[in-house]
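The structure appears below as structure tokens.
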Amino acid sequence: MTSTGDPFVDAKIVVRYPQFNVDLHLEAKRGDIIGVVGPNGAGKTTMLRALAGLQPLDGGRITIGSIVVDDPAQGILVAAAQRRVGVVFQDYRLFPHLTALDNVAFGLRCRGMNRSAARSTAAEWLDRVDVADHRDHKPAALSGGQAQRVALARALATVPDVLLLDEPLAAIDRDARQRIREDLARYLDGFSGTTILVSHDGVDIRTLAKQAVRLENGSINWAGPAHQLPAD
Amino acid sequence: MKIQNKIRPITSALLTLLVFSTASPSVAVTKSSKPRPKPTRARVTKSPITSARAPVMTSTPAARSTPAPPPTSAPLRGSLTVFAATSLTASFTDIARAFEVAHPGVKVTMNFAGSSTLATQIQNGAPADVFASADTANMNRLSSARSIEGAPAIFTRNKLMIVVPKGNPLRVKSLADLANAEVFVALGAPGVPVGDYARQILTGAGVTVTPRTLESNVAAIVNKAALREIDAGIVYITDVAVDDYRVDGVAIPDRQNVIAAYPIAVTKASRNKAAATAFAAYTQSSAAQAVLATYKFLPLK
Amino acid sequence: MTNSTTRHRMERRGKPRAPITLCVLAGLGAALFVLPLLALLVRAPWRQAWNIVTEPEIRTALRLSMICSLSATAISFIFGVPLAWVQARLDFRGRSILRAVTTLPVVLPPVVGGLALLLAVGRNGIVGRYLFEWFAIRLPFTTVGAVVAETFVSMPFLVLSMEGAFASSDTRLEEAAATLGASRWTVLTKVTLPALRPSLIASGVLCWARALGEFGATITFAGNFPGTTQTVPLSVYQAFETNPPAAIMLSLVLVIISLVILISLRHRLVVRA
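Structure representation (structure tokens):
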């Protein structure tokens, strides 16, 4: 819907709530960076969770690559752990008892990599996001910006097909926001999969995303190139 | 998050309290009967017949000598607490009822447990009026501690027997069989009369037994045999007799056996010495002796 | 006038004065615990203390108590943590009944527990008879039996405590782990349990303390024999009648050991989120 060519991610998401329903159709190609903007309660988080596998659909279907990961009508539901979807949560959710390095290595170890290989790969990623100095620090000792980058490295290290970011700059101080936004743009540029980025801030979308959609009351009411996103 | 902050310390504190309150050793084996009513002093009877000549009946002062038996005309009153060895459970319950019938003003409360447990309780201030022990050793503990009024009297005798589960599954026939490692044997603990007698018997017979458990009263041994958890134990012949539908017994030949002498005495701290003395005397009466005989206790001679 | 106003204002600025009623009640409550301990210390036969404590029977009872209580705690962890997880996280019919049953030993008199164990896994028990007939396994009157009795009464404390911890633990971290490819087992062992370490320690201490002090179930189910099943509480019970100075010293040793462990873990016992 937002770009031409065969979609890599094809998500018809229907989730029913008591107050309203989320009912939207999103398509994205490899290499797309789609910004999702909308007011609170519009259904942005539901959409991300459904893609990640943390929220089962009530209707519709999600396909990632050529694999159907969620189809209630057919009784198909692939668990989050089996999907190649990386998530950077709004509250980062770094494991408090592990160092930054071990946090990043976590996903690699889950996928079967041995300890030393996982740690050296993790070290490379931390380097790429410029937090190599803090690799042996626990999350509690990191600043907001550093934690965000570790969370990003942790999600990217597993080389997912889809990267989801939920309000990536919400917890960053105003002064640091511009610089970190630019850094983030750089990191996302190097990612070859599909990125879907949620933010309430139009500046984030226009800076970081290539395409944008606006979500309101559970459905998409605007879609187009990110730089054309109406300011409001 | 805030609610969790408050609830978890409370839950932990409650759990800690619960842990330490339930971990105390419950006195598992005393068979106390109903709660004991507060002891009342015997009151002066003001009946017209006896007013002039009835002696004042109090239970107070520490008499230095054995109090004279009360005149038969003055009725006994008040409550009486009798601490008796477990092996006397059935017989003393009957005797206590008979005593209450003979003396309607007296309410008897029984406390049955191992004799050493009872002696310890009395030494620690338990409110007993009468103590009936299964051996003289435990009675002597109290005599030495000057907890006894006057001299104890032997009121009955008993002898010992091997108890086995119904059907005698391991075919135990004699003391020698108890030395077999495959036979699980239960004996009384050190200080418990039935245990000390048993060890006396085994030593005298030259049999070495390694018991699997040492129980603090004889009923526990009988119960474990009834539940078939032990293969043999040494108890009194009266225990097997009273529980013959649950367990079987194997006799110990008289030449290997010991005679258990049961002393009874009034405690110095008794608050109803008149009734206590009467009860102690009653156990030696022909009525009580007949009851004891039905439970297979040995006659005094 | 100025003086009293100033004083009044100063009082309000500084630390609040402790309310009298609460302090009196708290003091009496504390006395209930402190007094018996004090009495033990005062009446202890200090001159014979060393001789008594190094007597072989005493050392045997202490060693046996330690072995049994620690074994019971280990078994409680192995089976109790999964049970707590199931009760907290899985939804199934009969869950509340299961919860009630696993909590029962907490409120049941220990002797009742011991009797129930005899009827279940005693040599003549409904399951025990097969243990005996097929495998020649006999639990009563063995050290293993003492461990079983202690586990029966102490595991529910661990389950109760850990169920609360699992129920209130942060599932957000677990979601993050899932998106990184962690299996449920990995999530449990690498994310949930490490985050719950303070709860695990507190539960373990509660469980161990309960096992150490167990008397009624042990004496009823496992029996009482020095070296095999006569743990310290049983030993104190017997010594109380035959050798009171030893009973006091044994009690003191148990109290001191327990106090040392509890004090060293005091920061972990009141769980802060």
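Chains as they are written, first to last, in the working numbering: chain A, 1 to 232; chain B, 1001 to 1301; chain C, 2001 to 2273.
For each residue, glycine too, the CB sits at the ideal point set by N, CA and C.
- Query: On the three-state DSSP scale, how would you describe A:Q228?
  - Reply: Against the first sequence, residue 228 of chain A aligns to sequence position 228. Helix, per DSSP.
- Rounded to a whole number of angstroms, what is the C-alpha to C-alpha distance between B:R1041 and B:S1079? On the second sequence, position 41 is the one that residue 1041 of chain B refers to. On the second sequence, position 79 is the one that residue 1079 of chain B refers to. In this prediction, B:R1041 scores a pLDDT of 42, lower than 50, which makes its location untrustworthy; the coordinate-derived value is nonetheless stated afterwards. So the two alpha carbons sit approximately 9 Å from each other.
- Message: Suppose you measure from the CA of A:R61 to the CA of A:R83; what does that come to, to the nearest Å?
- Response: The residue labelled residue 61 of chain A in the question sits at position 61 within the first sequence. The residue labelled residue 83 of chain A in the question sits at position 83 within the first sequence. Going from the Cα of A:R61 to the Cα of A:R83 covers about 15 Å.
- Message: If you reduce the DSSP assignment to three classes, tell me which class A:R16 lands in.
- Response: Within the first sequence, the letter at position 16 stands for residue 16 of chain A. Three-state result, A:R16: strand.
- Hey, does B:T1208 have any beta-carbon neighbour from chain C nearer than 9 Å? Within the second sequence, the letter at position 208 stands for residue 1208 of chain B. With 9 Å as the cut-off, B:T1208 does not count as an interface residue toward chain C.
- C:M2112 by DSSP, collapsed to three states: which one? Counting from one through the third sequence, the residue named residue 2112 of chain C turns up at place 112. The displayed chain sequence assigns Val, not Met, to residue 2112 of chain C. In the structure shown, C:V2112 falls within a helical segment according to DSSP collapsed to helix, strand and coil.
- Item | Member of B:G1191, B:S1144, B:L1300 and B:S1216 whose CA lies at the smallest distance from the CA of B:Y1262 | In the second sequence, counting from the first residue as 1, residue 1262 of chain B sits at position 262. With distances taken between Cα atoms, B:Y1262 lies closest to B:L1300.
- Item | Cutoff 9 Å: C:G2204 Cβ touching any chain B Cβ | Numbered from 1 along the third sequence, position 204 holds the residue referred to as residue 2204 of chain C. By this cut-off, C:G2204 is not an interface position.
- Which residues, in order along the region 2172-2186 of chain C, keep a beta-carbon less than 9 Å from a beta-carbon of chain A? Within the region 2172-2186 of chain C, the qualifying residues are R2172, L2173, E2175, A2176, A2177, A2178, T2179, L2180, G2181, A2182, S2183, R2184 and T2186.
- Cα-Cα separation, A:Q19 to A:N217: As a working mapping, residue 19 of chain A is identified with position 19 in the first sequence. As a working mapping, residue 217 of chain A is identified with position 217 in the first sequence. In a straight line, the C-alpha of A:Q19 is about 10 Å away from that of A:N217.
- Item | Reference C:S2258; option with closest CA among C:G2213, C:V2101, C:V2112 and C:F2135 | Sequence index remark: in the third sequence, residue 2258 of chain C carries index 258 (1-based). For the residues C:G2213, C:V2101, C:V2112 and C:F2135, the minimum Cα distance to C:S2258 belongs to C:G2213.
- Item | Same chain, Cβ closer than 7 Å to B:T1238, five either side skipped, listed in chain order | Sequence index remark: in the second sequence, residue 1238 of chain B carries index 238 (1-based). S1087, N1158, Y1295, K1296 and F1297, listed in sequence order.
- Starting from B:I1148 and walking both ways along the alpha helix (DSSP H), at which residues does that stretch end? Here residue 1148 of chain B is taken as the residue at index 148 of the second sequence, counted from 1. From DSSP, B:I1148 is part of no alpha helix (DSSP H) but of the beta strand (DSSP E) over I1148 to P1165.
- Helix, strand or coil for C:G2027, going by three-state DSSP, please let me know. Looking up residue 2027 of chain C in the third sequence gives position 27. Residue state, collapsed to three classes: helix.
- Query: Could you give the distance in angstroms between the alpha-carbon of C:S2169 and the alpha-carbon of C:L2193?
  - Reply: What you label residue 2169 of chain C is simply residue 169 of the third sequence in a count that begins at 1. What you label residue 2193 of chain C is simply residue 193 of the third sequence in a count that begins at 1. Approximately 10 Å, taken between the alpha carbons.
- Of all Cβ atoms in chain B, is any one closer than 9 Å to the Cβ of C:L2118? Within the third sequence, residue 2118 of chain C is the residue found at index 118, counting from 1. Taking Cβ atoms only, chain B reaches closer than 9 Å to C:L2118, which makes this a yes.
- Task: Determine the chain C residues that contact B:E1215 at a beta-carbon separation under 9 Å, and present them in chain order.
- Result: On the second sequence, position 215 is the one that residue 1215 of chain B refers to. Within 9 Å Cβ-Cβ: I2219, G2223 and N2224.
- Message: Measuring straight from C-alpha to C-alpha, what distance separates C:A2246 and C:F2132?
- Response: Along the third sequence, one-based indexing puts residue 2246 of chain C at 246. Along the third sequence, one-based indexing puts residue 2132 of chain C at 132. Roughly 37 Å separates the two Cα atoms.
- Message: Output needed in chain order: residues of the region 1109-1128 of chain B with a Cβ under 7 Å from some Cβ in chain C.
- Response: S1116, T1117 and T1120
- Message: Let me check one thing: in DSSP terms, what residues is B:I1171 bridge-paired to?
- Response: Within the second sequence, the letter at position 171 stands for residue 1171 of chain B. A small correction: the amino acid at residue 1171 of chain B is Arg; Ile does not occupy that position in the sequence shown. Paired residue(s): none; B:R1171 is not in a bridge.
- Query: Where do the ends of the beta strand (DSSP E) carrying A:I62 lie?
  - Reply: Position 62 of the first sequence holds residue 62 of chain A. It spans G59 to I64 - the beta strand (DSSP E) in which A:I62 sits, taken as one unbroken run.
- Message: Which of the three DSSP states is assigned to B:T1267 in this structure?
- Response: To locate residue 1267 of chain B, count along the second sequence from 1; it is residue 267. Residue state, collapsed to three classes: strand.
- Between the region 1159-1186 of chain B and chain C, which residues of the former have CB atoms less than 7 Å from a CB of the latter, in chain order? F1184
- Query: List, in order along the chain, the chain B residues whose C-beta lies closer than 7 Å to that of C:E2241?
  - Reply: For this step, residue 2241 of chain C is matched to residue 241 along the third sequence. Those are S1116, T1117, T1120 and G1191, listed as they occur along chain B.
- Item | Unbroken alpha helix (DSSP H) run spanning A:I67, endpoints | Translated into the one-based positions of the first sequence, residue 67 of chain A becomes position 67. First-last for A:I67: I67 to D71, but that is the beta strand (DSSP E), not the alpha helix (DSSP H).
- Message: With a threshold of 9 Å between beta carbons, is A:G107 in contact with chain C?
- Response: Your numbering for residue 107 of chain A matches position 107 in the first sequence. Cβ-Cβ to chain C under 9 Å: yes for A:G107.
- Fully enclosed by the region 2125-2211 of chain C, which alpha helix (DSSP H) runs are 4 residues long or longer? 2128-2135, 2143-2168 and 2171-2179
- Looking at chain B, which residues of the region 2073-2085 of chain C have a Cβ within less than 9 Å of any of its Cβ atoms? none
- Query: Short check: CB of A:V88 to CB of A:Q55, under 9 Å?
  - Reply: Residue numbering aside, residue 88 of chain A sits at position 88 when the first sequence is read from its first letter. Residue numbering aside, residue 55 of chain A sits at position 55 when the first sequence is read from its first letter. Taking 9 Å as the Cβ cut-off, A:V88 and A:Q55 do not qualify as a contacting pair.
- Task: Could you please give the first and the last residue of the uninterrupted beta strand (DSSP E) stretch that includes B:A1251?
- Result: For the purposes of this step, residue 1251 of chain B is identified with residue 251 of the second sequence, where counting begins at 1. Run containing B:A1251: V1247 to A1251, per the beta strand (DSSP E) assignment.
- Task: Please decide whether C:F2141 counts as near chain B, where near means a Cβ-Cβ distance under 9 Å.
- Result: For the purposes of this step, residue 2141 of chain C is taken as the residue at position 141 of the third sequence. For C:F2141, the answer is yes, since a Cβ of chain B falls inside 9 Å of its Cβ.
- Take B:A1219 and list the residues in its own chain whose beta-carbon comes closer than 6 Å to its own, dropping the five residues that flank it on each side. On the second sequence, position 219 is the one that residue 1219 of chain B refers to. Result list for B:A1219: T1086, in chain order.
- When DSSP labels each residue in this structure, what does B:A1276 get in the three-state scheme? Sequence index remark: in the second sequence, residue 1276 of chain B carries index 276 (1-based). Three-state result, B:A1276: helix.
- Message: Within a Cβ cutoff of 7 Å, which residues of the same chain sit near C:R2095, ignoring the five residues on either side of it in sequence?
- Response: For the purposes of this step, residue 2095 of chain C is identified with residue 95 of the third sequence, where counting begins at 1. Closer than 7 Å at Cβ, skipping near neighbours: Q2087.
- Query: With B:L1175 and B:I1252 assumed to form a contact (beta carbons below 8 Å), what rounded beta-carbon distance in angstroms separates them?
  - Reply: Counted from its first residue, the second sequence places residue 1175 of chain B at position 175. Counted from its first residue, the second sequence places residue 1252 of chain B at position 252. Yes, they are in contact, since the Cβ atoms of B:L1175 and B:I1252 sit about 6 Å apart, within 8 Å.
- Item | The beta strand (DSSP E) enclosing B:A1232, as first and last residue numbers | Here residue 1232 of chain B refers to the residue found at position 232 of the second sequence. Start and end: A1232 to Y1236.
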